[in-house]
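Let me begin by presenting the structure, written as structure tokens, before commenting on it.
Number of protein chains: 2
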Amino acid sequence: MKTENKKSSVCNCLNLRRASLAITEIYDHYLAPCQLSVSQFSILKHTHAMEPVSVSELAAEIRLDRTTLVRNLKPLERQGLIHDIAPPGTRNRQLCLTAAGRERIEQANAYWELAQKRIEAQLGQEDTKTLQALLLKIEVLAP
Amino acid sequence: MKTENKKSSVCNCLNLRRASLAITEIYDHYLAPCQLSVSQFSILKHTHAMEPVSVSELAAEIRLDRTTLVRNLKPLERQGLIHDIAPPGTRNRQLCLTAAGRERIEQANAYWELAQKRIEAQLGQEDTKTLQALLLKIEVLAP
DNA sequence: ATAATAATCGTGTATATACACTAAAATAAC
DNA sequence: GTTATTTTAGTGTATATACACGATTATTAT
Numbered sequence: 001m002k003t004e005n006k007k008s009s010v011c012n013c014l015n016l017r018r019a020s021l022a023i024t025e026i027y028d029h030y031l032a033p034c035q036l037s038v039s040q041f042s043i044l045k046h047t048h049a050m051e052p053v054s055v056s057e058l059a060a061e062i063r064l065d066r067t068t069l070v071r072n073l074k075p076l077e078r079q080g081l082i083h084d085i086a087p088p089g090t091r092n093r094q095l096c097l098t099a100a101g102r103e104r105i106e107q108a109n110a111y112w113e114l115a116q117k118r119i120e121a122q123l124g125q126e127d128t129k130t131l132q133a134l135l136l137k138i139e140v141l142a143p
Numbered sequence: 001m002k003t004e005n006k007k008s009s010v011c012n013c014l015n016l017r018r019a020s021l022a023i024t025e026i027y028d029h030y031l032a033p034c035q036l037s038v039s040q041f042s043i044l045k046h047t048h049a050m051e052p053v054s055v056s057e058l059a060a061e062i063r064l065d066r067t068t069l070v071r072n073l074k075p076l077e078r079q080g081l082i083h084d085i086a087p088p089g090t091r092n093r094q095l096c097l098t099a100a101g102r103e104r105i106e107q108a109n110a111y112w113e114l115a116q117k118r119i120e121a122q123l124g125q126e127d128t129k130t131l132q133a134l135l136l137k138i139e140v141l142a143p
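Protein sequences appear in the order of chains A and B.
For the first sequence, the UniProt record's numbering begins at 1 and goes up steadily by one.
For the second sequence, the UniProt record's numbering begins at 1 and goes up steadily by one.
Encoded structure:
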């Protein structure tokens, strides 16, 4: 990922994928001290905002495939950051943060803000908004 | 991936990742008749343009992690679309398309163009360019 | 020519992603 | 209350992604 002379491809998809990998790399590095990827951080944040929440609801809100989320939850449960308080024998999971999970978010938030500022400093307020609007336009296209 | 009421997150990274997943889904569906993902199509196209090419060169051009590319090449080699013509005992691989690979690109190109047009029809010429420029700005930030 | 250095490549491991499929629970119809 | 339907969840499989590490080839210095 260390090539110079970067230039756009003609492929809109490839350009977006490259930018996504790049920004993910940036956020991941900022969050590394907390041992969280940006994807994991996102799951924690959304869980925090919606708890207790089912897998399906959470997936819909994050806009991840449900089965992807099922796998992504595993490391977070293993680390004791998220747990399920649904009584056994029921189908709806009720995912909640643990105390450790809440602590971790607190720490990670500070690093996340640094990453946010880094990006916005680079793009400027105006371009950041423009980008956001364009990305949403694309997202809406997906089935 | 079928949520309505989509709205932007405050997180620039998440927004980009969502858009990337969405556009990848779109291109993948367009390319499905050719049994290629957009990622695989991209590898084929770049190989075609650079052959014979080493793994490192190719990774740098596509801007994928080299070890990621090593794995991604496997299915394409298995399908007989790409092969390595480097003499045994040497270190530099010389990746080339096979005849089947060239054929496949030809087919896939038509579908890819449909996807391109779909996106550009939705965004318009102007916004497409704007988006491209902003994405490049982000890509350049990565280490 | 040999030793030191650099470039190139692959694997182990872990997470991320999604489609096809199955299974179980919850709800609705009757 | 039982049956039918819908909702919810998980697994098998395959690709995608990248870091840490090791190994081999190529190049450079001496």
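Glycine is no exception: its CB is placed at the ideal position from the N, C-alpha and C atoms.
These numbers were taken from a predicted model, which means no experiment stands behind them.
Under the three-state reduction of DSSP, A:Cys96 is assigned to strand.
For the set B:Cys96, B:Cys13, B:Ile23 and B:Arg17, the Cα lying nearest the Cα of A:Ala142 is the one of B:Ile23. The contact set of A:Gln132 on chain B, defined by CB atoms closer than 7 angstroms, consists of Ser8 and Asn15 in chain order. With a beta-carbon spacing of about 7 angstroms, B:Arg104 and B:Leu36 fall inside the 8 angstroms limit used to define contacts. In this chain, A:Ile85 is not harboured by any beta strand (DSSP E), its DSSP state being neither H nor E.
Cα atoms of A:Ala86 and A:Lys6: separation of roughly 50 angstroms, rounded to the nearest angstrom. Its Cα nearest to that of A:Ile62, the residue B:Leu14 stands out among B:Ala32, B:Ser39 and B:Leu14.
For B:Gln40, the uninterrupted alpha helix (DSSP H) segment begins and ends at Val38 to Met50. Of the residues assessed, B:Val38 falls on the buried side of the cut-off, its CB having 16 or more other CB atoms within 10 angstroms.
Looking at B:Pro88, B:Leu136, B:Val140 and B:Ile82, the one whose alpha-carbon comes closest to that of B:Met50 is B:Ile82. The Cβ-Cβ distance between A:Cys96 and A:Pro33 does not fall below 8 angstroms.
Within the DSSP secondary-structure output, B:Val53 pairs in a beta bridge with B:Leu95. A residue is called buried when at least 16 other Cβ atoms come within 10 angstroms of its Cβ; A:Ser56 does not meet this threshold and is exposed. For B:Arg66, the enclosing alpha helix (DSSP H) stretches over residues Arg66 to Arg78.
Put simply, of A:Asp28, A:Leu69 and A:Ala100 the residue whose alpha carbon is nearest the alpha carbon of A:Gly80 is A:Ala100. Assignment of B:Arg118 by DSSP, reduced to helix, strand and coil, places it in the helix class. One thing to note: B:Leu58 has its Cβ within 8 angstroms of the Cβ of B:His46. Annotation: B:Ser9 to B:Lys137 spans about 20 angstroms, alpha carbon to alpha carbon. For B:Leu141, there is no enclosing alpha helix (DSSP H), as DSSP marks it with neither H nor E. Within chain A, the residues whose beta carbon sits less than 7 angstroms from that of B:Tyr27 are Cys13, listed in sequence order. With respect to chain B, the C-beta atom of A:Thr128 has a partner C-beta closer than 8 angstroms. Taking the Cβ atoms as the reference, B:Ser20 lies roughly 5 angstroms from A:Arg17, within the contact range of under 8 angstroms. When Cβ-Cβ separations below 8 angstroms define contact, A:Arg71 makes no contact with chain B. B:Thr68 has its alpha-carbon roughly 28 angstroms from the corresponding atom of A:Leu131. Contact of A:Ala110 with chain B by beta-carbon distance below 8 angstroms is absent, the smallest such distance being about 14 angstroms.
Listed in chain order, the positions of the region 21-46 of chain B with a beta carbon within less than 7 angstroms of a beta carbon of chain A are Ala22, Ile23, Thr24, Glu25, Ile26, Tyr27, Val38 and Ser42.
A:Ser20: member of the alpha helix (DSSP H) spanning Asn12 to Leu31, first to last residue.
In this structure, the straight-line span from the alpha carbon of B:Glu126 to that of A:Thr128 is close to 17 angstroms.
The residue among A:Glu113, A:Ala108, A:Arg71 and A:Ala115 with its C-alpha nearest the C-alpha of A:Phe41 is A:Ala108.
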